[in-house]
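The number in my numbering is simply the position in the sequence shown, starting from 1, with 11 added. C-beta: ideal position from N, C-alpha, C; glycine also. On a predicted model such as this, the values are computed, not experimentally measured, just so you know.
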Amino acid sequence: MAAENSLPTVNRRDLDFQLFEHLEIGSLTARPYFADHDRATMTAALDTAQAIAVQHFQTHNRKADLNEPQFHGQTVHIIPEVRAALDQFVNAGFMAAHRSYDEGGQQLPWTLLQAAFTCFNAANIGSIGYAFLTIGAANMIAAFGSPEQKKRFMQPMFEGRFFGTMCLSEPQAGSGLADIRTRATPVSNSPASSNAPGVDGSLGSAYRISGSKMWISAGEHELTENIVHMVLARIAGAPAGVKGISLFIVPKRRVEADGSLGPRNDVQLMGLNHKMGFRGTTNTLLSFGEQGDCIGYLVGEPHRGLDYMFHMMNEARIGVGLGATSLGLAGYLYSLDYAKQRPQGRAPDNKDPASKPLPIIQHADIRRLLLSQKAAVEGALALCLYAASLVDRIHTAEDEGEKKRLSLLLDMLTPMVKSWPSEFCLEANKQAIQVLGGYGYTRDYPVEQYYRDNRLNPIHEGTHGIQGIDLLGRKMLMQGGAGARLLFETIAADILRARGLPDCAAWAEELDGALARMMTATAAMLPAAKDGRISLYLANATLYLDAMGHLAIAWMWLRQAMVAARRLPDATGDDVAFYRGKLAAARYFYAYELGRLDHWLPLLARLEPATLEMQAAWF
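In structure tokens form, the structure reads like this:
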């Protein structure tokens, strides 16, 4: 049994199931934007992604982990395999594959690309991070930038010549964006009349940027010609708090009108942070404007930076959930293969010490560990791709009412999409290590790296606790609770459909009961928010997020089970085992996981104050 990670890190049969059977993304081709595509073109894109991921990313996953980027005062040194792999990704057209033909894209569904990106995440999440951050930053410029900003910065990013970052956190502020200190000072009152050296008025209002940003992934490297930083800063005289934050494009090197590179833009790398995972991605402390010559260009309107940044952050939150799912999936598949091959122990009722040991997959507890992983990672994958399918439907909706309804549903799901996989697919990685026993804790096998890489996701793009506050404190209350009602109604509609299938009817009833109890608990909590007891209302926000996440995953398993139950009678060959596996994993989640709500919901309903009333001096 080789310790080398040469095994598949994704289950292609499951990706096809999620896309074409569960979500039926083939129906998207009826929409004009996707009309040039069919299952064959989408399958070809997925084939290409899987091949590049295996041949160019997976092959240096361990090497990048053991040889993390180094800074010696001049440049950051990264192993050459990283750039070679990213070149393959760029040359295959994945950077702009979702964009329009006019932008050099292929107009592929975002759902399909997220499935393709699962291959890259699972193969080597540290190396692919450079590309995914760039796609998010370029999408933000596409949404809010001026035509010249798009030409000068966005287009080279989608071409892979420039990479991008998201610069929010600061050393003293962390997640507290209301307290950021980075400043933006206008170069002149009128961009067109500005004659300051190095300032290009055609790019919009120019500002001198000064301050520091911490934990900036991909903040410095030599992988591309340029790095485009999307920077949050405060203009002098801006309102206090998050309502006074603006967004700026701050390139590492200035870009001339003809697209050629100009001088350095006074963005300095002050040092690298060395995290326990994602070691292939540089993580940086950046200083802007130490020499007073860092020029940034305002994106959109002043003081709306956080609104714009959330466009990238919400997209990134779905990406974090997908990344966590991918790492959980890679660990599950590796531990599954190991369990099939590793002989150890005998059946409890076998008293013959001379008999051959069994493969450990024959032991009930190992099957428990594997079933728990399968239920988590395949449930999370279904949720992430469901969210991605909403993005496609929103983007191509012709009816404004449908667009608003789907956007509201996506807003409700985003905290769960980000956080549930980050918590529970990390748990799956822990279980993968346990399947391997002592070998799992060594660097000779990849499962310990998957765990370390995944351990970062509970803090990426907003901690688990912040996502809970977002869900309970903002999403549940917005539009008078319209988002919550829509989510609950959407789940109820699938429950109604499942009742007509004998194999799924019992699970439909269980989910219906859990949904009713969730709604009751929510209703019991809301008066605290309405009468101003906000601290008490939010004291158990993280627990509320876990409960809602479990409800959402149970919903995803019901949806998958319905497909499997319908397909199984006519299935042949390997599909029989595949669909039976889906039904078995659904059974496991309902039997072992959904029942957690019976403990969580009473705590929520009574607004349990234990954490709020605990005093610092008592610890």
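Name the residue from S433, S400, Q61, F435 whose alpha carbon lies nearest to the alpha carbon of S418. Taking the first residue of the sequence shown as position 1, residue 418 is located at position 407. With distances taken between Cα atoms, S418 lies closest to S400.
E10: buried (16+ other C-beta within 10 angstroms of its C-beta) or exposed? A question about residue 10 goes unanswered here, because the residues of the chain that appear run from 12 up to 630.
Compute the distance between the beta-carbons of S223 and F164, then report whether it is under 9 Å. As a first step, residue 223 is located in the sequence shown; it is residue number 212 there, counting from the start. As a first step, residue 164 is located in the sequence shown; it is residue number 153 there, counting from the start. Cβ distance not < 9 Å, so S223 and F164 don't count as in contact.
For W226, report the span of its beta strand (DSSP E) as first-last. Here residue 226 refers to the residue found at position 215 when the sequence shown is read from its first residue. 217-228 is the span of the beta strand (DSSP E), which, as asked, contains W226.
Who are the near neighbours of C130 in its chain, counting only those whose CB is closer than 7 Å to its CB and skipping five residues on each side? Taking the sequence shown and counting its residues from 1, one reaches residue 130 at position 119. These residues qualify, in order along the chain: V21, A60, Q61, A64.
Inspect the beta-carbon positions of A75 and R290 and report whether they are closer than 9 Å. Taking the first residue of the sequence shown as 1, we reach residue 75 at position 64. Taking the first residue of the sequence shown as 1, we reach residue 290 at position 279. It is a contact, given that the beta carbons lie within the stated cut-off.
Are there any heavy atoms of the ligand MG lying less than 8 Å away from the beta-carbon of I227, as far as the coordinates show? With respect to the ligand MG, the structure shown offers nothing to examine, as it has no ligands at all.
Is the Cβ-Cβ distance between I139 and F100 less than 9 Å? Position 128 of the sequence shown, counted from the first residue, corresponds to residue 139. Position 89 of the sequence shown, counted from the first residue, corresponds to residue 100. Taking 9 Å as the Cβ cut-off, I139 and F100 qualify as a contacting pair.
Do you know offhand how far S228's Cα is from T553's? Translated into the one-based positions of the sequence shown, residue 228 becomes position 217. Translated into the one-based positions of the sequence shown, residue 553 becomes position 542. So the two alpha carbons sit approximately 26 Å from each other.
Can you give the Cα-Cα distance for Q355 and A365, rounded to whole angstroms? For the purposes of this step, residue 355 is taken as residue 344 along the sequence shown, with counting starting at 1. For the purposes of this step, residue 365 is taken as residue 354 along the sequence shown, with counting starting at 1. Distance between the alpha carbons of Q355 and A365: 13 Å.
Going by DSSP in three states, H610 sits in which element: helix, strand or coil? Position 599 of the sequence shown, counting from 1, holds the residue named residue 610. If DSSP states are grouped into helix, strand and coil, H610 belongs with the helices.
Skipping 5 residues on each side, what residues in its chain have a beta carbon closer than 6 Å to that of L338? By one-based count along the sequence shown, residue 338 stands at place 327. Excluding residues within five positions, the ones whose Cβ falls inside 6 Å are Y461, D464, N465.
What three-state label does DSSP hand S204 in the structure shown? Against the sequence shown, residue 204 aligns to sequence position 193. Low per-residue confidence applies at S204: pLDDT is 41, beneath 50, and the placement is therefore not dependable, though the value from the model is reported in the following sentence. Helix, per DSSP.
Please name the residue or residues paired with M487 in a DSSP beta bridge. As a first step, residue 487 is located in the sequence shown; it is residue number 476 there, counting from the start. Paired residues: none, contrary to the question.
Where F630 sits in the DSSP three-state scheme: Taking the first residue of the sequence shown as 1, we reach residue 630 at position 619. DSSP places F630 in coil when its eight states are reduced to three.
Can you check whether the CB of L57 is closer than 9 Å to the CB of A126? As a position in the sequence shown, residue 126 is number 115, starting the count at 1. As a position in the sequence shown, residue 57 is number 46, starting the count at 1. Yes, Cβ-Cβ distance for A126 and L57 is below 9 Å.
Evaluate contact between the segment 279-289 and the segment 340-348, counting only Cβ atoms and requiring at least three cross-stretch pairs below 8 Å. no
Give the straight-line distance between the Cα atoms of V239 and E438, rounded to the nearest whole angstrom. Counting from one through the sequence shown, the residue named residue 239 turns up at place 228. Counting from one through the sequence shown, the residue named residue 438 turns up at place 427. Each residue's alpha carbon lies about 35 Å from the other.
At a cut of 8 Å, does the segment 553-570 reach the segment 512-532 through at least three beta carbon pairs? yes
Measure the CB-CB distance between L635 and Q442 and report whether it falls below 9 Å. Absent from the structure is residue 635, since the part of the chain shown begins at 12 and ends at 630.
Inter-residue Cα distance where the pair is Q384 and I502: Sequence index remark: in the sequence shown, residue 384 carries index 373 (1-based). Sequence index remark: in the sequence shown, residue 502 carries index 491 (1-based). So the two alpha carbons sit approximately 24 Å from each other.
F289 (DSSP reduced to helix, strand or coil): For the purposes of this step, residue 289 is taken as the residue at position 278 of the sequence shown. If DSSP states are grouped into helix, strand and coil, F289 belongs with coil.
Excluding the five sequence neighbours on either side, which residues of its own chain have a C-beta within less than 6 Å of the C-beta of R328, listed in chain order? Your numbering for residue 328 matches position 317 in the sequence shown. Excluding positions up to five away in sequence, the list reads T425, K429, E472.
Taking just the CA atoms, how far does W566 sit from I89? Here the question's residue 89 lines up with position 78 in the sequence shown. Here the question's residue 566 lines up with position 555 in the sequence shown. Taking the straight line from one Cα to the other gives about 43 Å.
From which residue to which residue does the beta strand (DSSP E) around S257 run? Within the sequence shown, numbered from 1, the residue matching residue 257 stands at position 246. Start and end: 256-262.
Compute the Euclidean distance between the alpha carbons of A96 and E236, then round it to the nearest angstrom. Numbered from its first residue, the sequence shown carries residue 96 at position 85. Numbered from its first residue, the sequence shown carries residue 236 at position 225. Taking the straight line joining both Cα atoms gives about 16 Å.
In angstroms with no decimal places, state the Cα-to-Cα distance between G273 and I220. As a working note, residue 273 is residue 262 in the sequence shown. As a working note, residue 220 is residue 209 in the sequence shown. Taking the straight line from one Cα to the other gives about 18 Å.
Taking the C-alpha atoms as reference points, what is the distance between G448 and M529? If you number the sequence shown from 1, residue 448 lands on position 437. If you number the sequence shown from 1, residue 529 lands on position 518. The straight-line gap from Cα to Cα measures roughly 38 Å.
Would you give the residue range spanned by the beta strand (DSSP E) that C178 belongs to? Here residue 178 is taken as the residue at index 167 of the sequence shown, counted from 1. Residues 173-178.
Out of H374, R353, E32, which has the shortest C-alpha to C-alpha gap to D631? Within the shown structure, residues of the chain are numbered from 12 to 630, placing residue 631 beyond reach of any answer.
Rounded distance between the beta-carbons of L483 and L549, thought under 8 Å: Taking the first residue of the sequence shown as position 1, residue 549 is located at position 538. Taking the first residue of the sequence shown as position 1, residue 483 is located at position 472. Between L483 and L549 the Cβ distance is about 6 Å, and since that is below 8 Å, they are a contact.
Less than 9 Å between the C-beta atoms of L280 and V87, yes or no? If you number the sequence shown from 1, residue 280 lands on position 269. If you number the sequence shown from 1, residue 87 lands on position 76. Closer than 9 Å, so yes.
Less than 9 Å between the beta carbons of A350 and I371, yes or no? The residue you call residue 350 lines up with position 339 of the sequence shown. The residue you call residue 371 lines up with position 360 of the sequence shown. Contact flag set, yes.
Beta strand (DSSP E) containing L309: first to last residue? The count along the sequence shown starts at 1 and reaches residue 309 at position 298. Start and end: 306-309.
Can you tell me where the beta strand (DSSP E) holding H475 begins and where it ends? Taking the sequence shown and counting its residues from 1, the one referred to as residue 475 is at position 464. Not the beta strand (DSSP E): H475 falls in the alpha helix (DSSP H), residues 475-480.
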